[in-house]
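Residue numbers for the sequence shown follow the UniProt record's numbering, so the first one is 1 and each next one is one higher.
Ideal Cβ placement from N, Cα and C applies to all residues, glycine included.
Keep in mind the model is a prediction, meaning the values are calculated, not measured.
Contents: one structure, followed by commentary.
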Amino acid sequence: MNIFQLISIIAITYFQSMPTVLAVQLNAKTYKPCIVPAVFTEQFTEKDLESWSHRWFLPSDSAIGSFKLVEAPNRLLANEYGLITTAPGKRHVVFSDIDVPITRESSSIPITLSFQIKPTAHWDCGHANIKLLSQKDSTNEDNEATFPLIEFGVKKCGLYDYAYFSFGSYENQFVYHLKNPPRSGLTDYVTNMYTLILKNDKFTIRRNKQVLAHGNVQDAFSKSPVKHSSFQQRISHAEEATLKIPCYSPTNVFLLLLLRNASYAFTSTRIELDAWSELPGIFMNNIYFGFSESDASLFENEMFDIKNLLESNQNINRFGSDGRIKVLLKLIIISLKTLWLSVFDATYGNLYNYFYDTWITEGLCLPKETFQSLHHAVLVLSVVISPVIYWMLKS
1 MNIFQLISII
11 AITYFQSMPT
21 VLAVQLNAKT
31 YKPCIVPAVF
41 TEQFTEKDLE
51 SWSHRWFLPS
61 DSAIGSFKLV
71 EAPNRLLANE
81 YGLITTAPGK
91 RHVVFSDIDV
101 PITRESSSIP
111 ITLSFQIKPT
121 AHWDCGHANI
131 KLLSQKDSTN
141 EDNEATFPLI
151 EFGVKKCGLY
161 DYAYFSFGSY
171 ENQFVYHLKN
181 PPRSGLTDYV
191 TNMYTLILKN
201 DKFTIRRNKQ
211 VLAHGNVQDA
221 FSKSPVKHSS
231 FQQRISHAEE
241 ATLKIPCYSP
251 TNVFLLLLLR
261 NASYAFTSTR
271 IELDAWSELP
281 GIFMNNIYFG
291 FSESDASLFE
301 NEMFDIKNLL
311 ESNQNINRFG
321 SDGRIKVLLK
331 LIIISLKTLW
341 LSVFDATYGN
351 LYNYFYDTWI
361 TEGLCLPKET
371 FQSLHHAVLV
381 LSVVISPVIY
391 WMLKS
């Protein structure tokens with residue numbers, strides 16, 4: 001063992017052992033809900049095993065899977081519980097009503113959303129998100145009348161991997177999506193905490209307290225029309241005269257969404273969790289919805305930091321002293337991979353999205369039949385050229 005290996009082992013051992021000592025000193029091995037002002041917060045413990053179903057409700061649709069309240073995987077923190085998906089290949093939905101909305105003192109106060117996801121099995125394809133819904137009309141029996149105002153979470157399936165954020169308007173005419181959503185960074189078997197902050201016409205998306213995306217609503221979003229049911233069309237037409245939107249731009253709709261009511265600038269009466277994956281085992285907990293960026297940061301600090309320290313220490317202890325060199329190299333490789341993905345997204349990714357969305361999907365310059373013929377031609381050419389390239393390299 002050379003001097004570099006010795007220094008590396010000492011450094012990794014030192015910095016990885018400190019968090020565990022700190023966690024024990026803070027008596028952090030018992031899960032403690034964070035007491036923070038919020039419009040809505042849910043931090044499950046053992047006492048919620050019987051009562052949670054009185055606050056959270058499952059749709060009656062038999063095609064939708066049922067969440068189950070269970071103890072957190074690996075039991076790093078005693079008394080920590082959360083909701084987990086139970087059926088493979090099924091969409092799981094659960095919602096809770098906000099009975100007493102809190103009035104904001106100023107329309108410039110930010111709207112903040114935060115929740116945690118922990119895949120307990122390998123995540124191959126799926127999504128997990130949180131939705132803020134507008135008031136449901138009591139005369140309608142169809143849940144489609146509950147409009148999603150904000151949808152925020154993770155969508156990851158093969159090469160498609162991004163943190164998803166969209167918002168709609170009260171009259172439900174259009175929904176606005178991020179043009180270039182950031183990669184989610186979702187990691188299997190560990191806690192991933194996602195936070196959304198909306199303030200005026202700015203947005204910020206964070207994962208594990210690190211900023212994934214930040215920008216202006218006008219520049220970063222594109223719109224798509226919403227498909228209406230007959231009931232939604234009647235509601236939309238009835239409100240059309242009173243809303244008086246000058247034009248459907250992201251900024252105008254976003255400002256209307258936030259500033260529609262002067263006394264309570266954001267009216268949301270329901271929170272919904274929505275998850276789907278090919279394998280069961282998406283664990284979700286520590287849900288927060290509030291009107292304070294500092295409170296959201298406090299919630300992140302108290303509900304994520306200790307779990308992250310304990311999970312990191314658990315992973316590092318699986319290796320011997322010599323194996324920690326491999327861990328260090330793996331961290332370096334991950335950093336280089338992240339850098340490569342950033343460069344990829346900024347160059348080839350944007351170019352691919354442009355050609356796929358504009359040329360192929362919309363068929364403006366390259367019809368689908370032409371694309372298929374071109375695809376087959378490239379495959380044939382690759383098969384023909386491969387032996388030649390192999391012979392050249394071998395010689």
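Beta-bridge pairing of LEU83 - partner residues as DSSP gives them: Answer is LEU69 and MET284, bridged to LEU83.
Straight-line gap, SER119 to GLY215 (C-alpha atoms, nearest Å): Ser is not the amino acid found at residue 119; the sequence shown has Pro there. In a straight line, the C-alpha of PRO119 is about 29 angstroms away from that of GLY215.
LEU159: first and last residue of the uninterrupted alpha helix (DSSP H) it sits in: Careful: LEU159 lies outside any alpha helix (DSSP H) and carries neither H nor E.
Among MET284, GLU300 and GLY281, nearest to GLY290 - alpha-carbon criterion: GLU300
Integer Cβ distance of GLU42 from ILE306, believed to fall under 8 angstroms: GLU42 to ILE306, Cβ: 19 angstroms. No contact.
One or two residues paired with HIS122 in a DSSP bridge: Paired residues: none, contrary to the question.
For LYS202 and SER224, the rounded distance between their alpha carbons: So the two alpha carbons sit approximately 20 angstroms from each other.
Cα-Cα separation between GLU80 and ILE282, rounded to whole angstroms: 15 angstroms
DSSP-derived helix/strand/coil call for LYS199: Three-state result, LYS199: strand.
Proximity of LEU76 and THR30 at Cβ, strictly below 8 angstroms: no
Within 8 angstroms, strictly: CB atoms of ILE271 and PHE40: yes
Extent of the continuous beta strand (DSSP E) run through LEU178: 174–178
Continuous alpha helix (DSSP H) stretch holding LEU49: start and end: Residue range 48–51 is occupied by the alpha helix (DSSP H) that includes LEU49.
Burial state of VAL217 (16 or more Cβ within 10 Å): buried
CA-to-CA distance, LYS131 to THR269, given in whole angstroms: 11 angstroms
Three-way DSSP call (helix, strand, coil) for ALA128 in this model: strand
CA nearest to the CA of SER277, picked from LEU336, VAL384, GLY65 and LYS32: Comparing Cα positions, the closest option is GLY65.
PRO88 versus CYS157 - alpha carbon distance: 15 angstroms
Selection from ALA296, LEU69 and LEU149 that minimises the alpha carbon distance to ARG55: LEU69
Sub-8 angstroms separation of ASN308 and GLY82 beta-carbons: no
DSSP beta-bridge partners of HIS214: THR204
Burial state of GLU144 (16 or more Cβ within 10 Å): In this prediction, GLU144 scores a pLDDT of 45, lower than 50, which makes its location untrustworthy; the coordinate-derived value is nonetheless stated afterwards. Result: exposed.
Three-state secondary structure assigned by DSSP to LEU77: coil
With 16 other Cβ atoms within 10 Å as the buried cut-off, status of ASP274: Classification of ASP274: buried, given that the 10 Å Cβ count is 16 or more.
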